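Step one of this worksheet: look at the structure below.
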Amino acid sequence: MKKVTLHLLSWLSALLFSIGTASASSLDDPAAVEAFADGLVRPLMQNHDSPSGVVAVAKGGNLLVAKGYGYQDIGNRVAVDPETTLFRPGSVSKLFTWVAVMQQVEQGRLDLDTDVNEYLKTFRIRDTFDAPVTLRHILTHTAGFEDGALAYLILQSPEHILPLEEAMARLQLARVNPPGAQTAYSNYATALAGLIVQNVSGVPFNDYIEQNIFQPLGMENSTFDEPLPESLESQMAKSYAVEAGKYVEKPFELVSNFGPAGGLSSTGTDMLRFGQAILNGGELDGNRILKEETVDLMLSKQFSHDDRLLGMGLGFYANDLNGQEVWGHGGDTQWFHSQLGVDRENGLVYFVSFSGAGGRVPRSAFATTLYEEFLPSEEAAVPAAPEDFAERAGKYAGSYGFWRSNFTNFEKVLGLSGGIEVAPTGENTLVVGMSDKTKQYVEVDTNLFRALDSSTTLASGINPELLAFQENEQGEITGFVMDGLPFMSLRKLPFYATSSFNFLLIGLSVLIFIAVLLRRYYQRRTVRTLPSKEKSATRAAVYAAAAHLMVLVVGVVVLSAAMESLFEGVPLSLKLWLILPIVATLLTAYLVYRNVEVWQQGLFKGVMPRVRFTAVTLGALFMAWFYFYWNMLGYHFL
2 MKKVTLHLLS WLSALLFSIG TASASSLDDP AAVEAFADGL VRPLMQNHDS PSGVVAVAKG
62 GNLLVAKGYG YQDIGNRVAV DPETTLFRPG SVSKLFTWVA VMQQVEQGRL DLDTDVNEYL
122 KTFRIRDTFD APVTLRHILT HTAGFEDGAL AYLILQSPEH ILPLEEAMAR LQLARVNPPG
182 AQTAYSNYAT ALAGLIVQNV SGVPFNDYIE QNIFQPLGME NSTFDEPLPE SLESQMAKSY
242 AVEAGKYVEK PFELVSNFGP AGGLSSTGTD MLRFGQAILN GGELDGNRIL KEETVDLMLS
302 KQFSHDDRLL GMGLGFYAND LNGQEVWGHG GDTQWFHSQL GVDRENGLVY FVSFSGAGGR
362 VPRSAFATTL YEEFLPSEEA AVPAAPEDFA ERAGKYAGSY GFWRSNFTNF EKVLGLSGGI
422 EVAPTGENTL VVGMSDKTKQ YVEVDTNLFR ALDSSTTLAS GINPELLAFQ ENEQGEITGF
482 VMDGLPFMSL RKLPFYATSS FNFLLIGLSV LIFIAVLLRR YYQRRTVRTL PSKEKSATRA
542 AVYAAAAHLM VLVVGVVVLS AAMESLFEGV PLSLKLWLIL PIVATLLTAY LVYRNVEVWQ
602 QGLFKGVMPR VRFTAVTLGA LFMAWFYFYW NMLGYHFL
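See below:
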């Protein structure tokens, strides 16, 4: 009944909003913009358990709306104030790091195309490939690092914070692509850029941002310091999760080990001042943080896998909102979800941030709906699907995974189910599926596809209008890129790396293992009468089956219990659990030996018992390979 009531309230609110603004949907009317924000944000926050949020929008240098929603402190009923309540912008923090880098480029201390090792003092980036990593690679997310987060990205305890230089040396991630080959969003590379700014300026990174960006722009309620300074601590919007139907406060998130990539705390109006400075070409209220030509460089395409798509600037990336090119950045921590947009064509700047896991929904909806309401455009007609598309549709089909993945550590297995499925339809289109959502695309040019329905999202607000597939010299599709997501290209997965292959064989293996244990239980009297070698072989099958089942069952329990704390450290329960795959693999080796013996010596009566024994062996072998391939054999942690 409660959900029905909430949906009715959402519908009624939207209806009243549309009636009240139908004749006055103008971005020059602050009242209309505020009414729009109220009508959109309030029901979405309520329906998706987002306890606090902020919206700030300016056009032509004039503030249209700066408004807080919900409570920064639920227990004490402290309402959000857009000027004083701190939110965690997450990766929007990176924009400050990019500005700092470009300030040092302007001053001649940094060069975008020099090997970053020239700017490091106590360690070096590994020479995995012939080409070195440069700041240009880092600012376009083409440095080639794998992704990582386990045990160091978001902490709860200050004692786990490392000095930035030590963190970059100790937590260096593997290079998995040559620089410039693929885009793969990298927190590590961004933090490395922050360290480089610190090294060449001689000023600690947090102090550098305070002195060279916050102070000139009058951002008085912003800091990269973690934990928060006492002067700002009482202004922080608290983190909440919904547990058993109630908001439960969570600890302040510490991103200090990778601070330049996401450690900022700021208010809605402070973030708007930063965005306005970028819109103005690097200046605000007579104070300049960048030259105008530098801002032009940062807000122009510097890298794209396909020129037909929007691409990466220097740190900023472009998105298409109703045909309008908007530069900016999104950001997510565990409990906050934010977006900053800079629209130079329309003189528009906006910043939004919402807390709670459900804060992703209003964050994702805001900009799209804002442009639909105030800057509508005629939707481009989607061409008819080519009648001969079926002849080439098969080459696009398959499972794809983001290059932003882990390849060398335990975290690899955590990404097993995070792929995108592409399949041809009977209507000469492609259907693309992510999580539980799908979207259809029609071919409009060579390896280029346009969405049939621009309103349908895939997941987490991802709503690409265009897809551009990558093709090698042999004419094989190797991956694709989504418009609006230029920092994360995808690769076509081999069959053995797909979730469907792995989960199918895990399921079959589990059925076989359960059958072995049930058969052993119900035929326990018969087993006692078997000859010694057959009895030993039976034991080998039972022990291996039981061990592999324990790996799976205990693993689900351990990971479910520890998931929220995995950013903080590797819990003892996880370390103890990883003993089980080793034991199960050793028992599998013994089972293979017994399987050879079964066939060589003709153990058991008839062929079928031997076939069943081999099926158990194959199931165990698959599981051993699974542990090895997904980095579950041994302790693969940074």
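For what it's worth, our numbering labels the leading residue of the sequence shown as 2, then goes sequentially.
A virtual CB, placed ideally from N, CA and C, is assigned to each residue, including glycine.
These numbers were taken from a predicted model, which means no experiment stands behind them.
From the options, residue whose alpha carbon lies closest to that of residue i
i	options	result
residue 459	406, 365 and 405	365
residue 147	100, 410 and 273	410
residue 369	385, 403, 327 and 347	327
residue 635	580, 96, 599 and 431	580
residue 1	511, 481 and 396	The shown model of the chain, from 2 to 639, leaves out residue 1, and the question about it has no answer.
residue 320	176, 404, 355 and 463	463
residue 347	572, 58 and 105	58
residue 133	177, 456, 544 and 279	177
residue 151	568, 195, 604 and 577	568
residue 105	116, 209 and 125	209
residue 466	425, 374, 360 and 382	382
residue 186	630, 331 and 103	331
residue 596	608, 586, 615 and 605	615
residue 128	136, 172, 180 and 399	180
residue 613	543, 236 and 153	543
residue 1	360, 445, 455 and 407	The structure shown does not extend to residue 1, since the chain spans only 2 to 639, so no value can be given for it.
residue 182	357, 473, 336 and 375	473
residue 637	393, 159 and 415	415
residue 48	337, 234 and 360	360
residue 446	157, 158, 412 and 468	468
residue 1	337, 155 and 184	Outside the displayed range of the chain (2 to 639) lies residue 1, so it cannot be described from this structure.
residue 235	245, 246, 575 and 222	222
residue 621	486, 549, 251 and 523	549
residue 124	135, 420, 171 and 130	171
residue 193	102, 213, 457 and 245	102
residue 317	485, 404, 619 and 173	485
Supposed close pair residue i, residue j - CB separation, criterion 8 Å
i	j	result
residue 478	residue 470	5 Å
residue 507	residue 617	With a Cβ gap of about 15 Å, residue 507 and residue 617 do not count as contacting.
residue 372	residue 303	With a Cβ gap of about 24 Å, residue 372 and residue 303 do not count as contacting.
residue 309	residue 449	6 Å
residue 255	residue 162	6 Å
residue 443	residue 307	In fact, because the Cβ distance is near 17 Å, the residues do not count as touching under 8 Å.
residue 680	residue 375	Summary: the structure shown does not reach residue 680, with the chain confined to residues 2 through 639, and so no result is reported for it.
residue 329	residue 341	5 Å
residue 149	residue 412	6 Å
Distance CB(residue i)-CB(residue j) smaller than 7 Å
i	j	result
residue 343	residue 280	yes
residue 69	residue 81	yes
residue 191	residue 98	yes
residue 350	residue 56	no
residue 582	residue 552	yes
residue 262	residue 95	yes
residue 73	residue 53	yes
residue 312	residue 301	no
residue 433	residue 398	no
residue 34	residue 66	yes
residue 518	residue 546	yes
residue 273	residue 401	no
residue 219	residue 206	no
residue 90	residue 257	no
residue 1	residue 276	Absent from the model: residue 1. The displayed extent of the chain is 2 to 639, so no value can be given.
residue 417	residue 500	yes
Residue i Cβ short of 6 Å to the ligand MG heavy atom set
i	result
residue 565	Within the structure as shown, the ligand MG is missing, as the structure has no ligands at all.
Min CB distance residue i to chain B below 7 Å
i	result
residue 144	No chain B appears in the structure shown, which is made up of a single protein chain.
* Asked: Where are the alpha helix (DSSP H) runs, 4 residues long or more, that stay fully inside the stretch 222–289, in chain order?
  -> Taken in chain order, the unbroken stretches of alpha helix (DSSP H) that lie wholly in the stretch 222–289 and span 4 residues or more are 231–234, 260–263 and 269–280.
* Could you tell me whether the stretch 140–155 touches the stretch 549–561, using the rule of 3 or more Cβ pairs below 8 Å? => With a cut-off of 8 Å, the stretch 549–561 and the stretch 140–155 do not count as touching, because too few Cβ pairs lie within range.
* Asked: Does the stretch 82–92 come within contact of the stretch 262–271, defined as at least 3 CB pairs closer than 8 Å?
  -> Counting Cβ pairs under 8 Å, three or more are found: they touch.
* Is it true that the stretch 578–590 meets the stretch 621–628, where meeting means three or more beta-carbon pairs spaced less than 8 Å apart? -> The count of Cβ pairs closer than 8 Å, one atom from the stretch 578–590 and one from the stretch 621–628, reaches three, so the stretches are in contact.
* To do: Count the CB pairs spanning the stretch 533–540 and the stretch 425–441 that are closer than 8 Å, and state whether there are at least three.
  => With the cut-off at 8 Å, the stretch 533–540 and the stretch 425–441 do not touch.
* If you pair each beta-carbon of the stretch 195–208 with each one of the stretch 159–170, do three or more pairs fall below 8 Å? -> Counting Cβ pairs under 8 Å, three or more are found: they touch.
* Asked: Are the stretch 288–307 and the stretch 226–241 in contact at 8 Å, needing three or more beta carbon pairs?
  -> Touching, no, given that fewer than three Cβ pairs across the two stretches are closer than 8 Å.
* For the stretch 419–434 against the stretch 378–393, are there 3 or more C-beta pairs whose distance is under 8 Å? -> A contact exists between the stretch 419–434 and the stretch 378–393.
* To do: Count the C-beta pairs between the stretch 219–229 and the stretch 289–306 that are closer than 8 Å, then say yes if the count reaches three, no if not.
  => With a cut-off of 8 Å, the stretch 289–306 and the stretch 219–229 do not count as touching, because too few Cβ pairs lie within range.
* Residue ranges of each alpha helix (DSSP H) run of no fewer than 4 residues wholly in the stretch 31–77, ordered along the chain? -> You should have 31–48.
* Can we say the stretch 522–529 touches the stretch 497–507, given the rule of at least three CB pairs closer than 8 Å? -> The stretch 522–529 makes no contact with the stretch 497–507; the number of CB pairs closer than 8 Å stays below 3.
* Give, in chain order, every unbroken run of the alpha helix (DSSP H) that is at least 4 residues long and sits entirely within the stretch 352–416. => With a minimum length of 4 residues, the unbroken runs of alpha helix (DSSP H) contained wholly in the stretch 352–416 fall at 361–375.
* **Continuous alpha helix (DSSP H) assignments of at least 4 residues falling wholly in the stretch 157–184** => You should have 165–171.
* Asked: Which whole runs of the alpha helix (DSSP H) in the stretch 506–557 are 4 residues long or more, in chain order?
  -> Taken in chain order, the whole alpha helix (DSSP H) runs of length 4 or more contained in the stretch 506–557 are 525–529.
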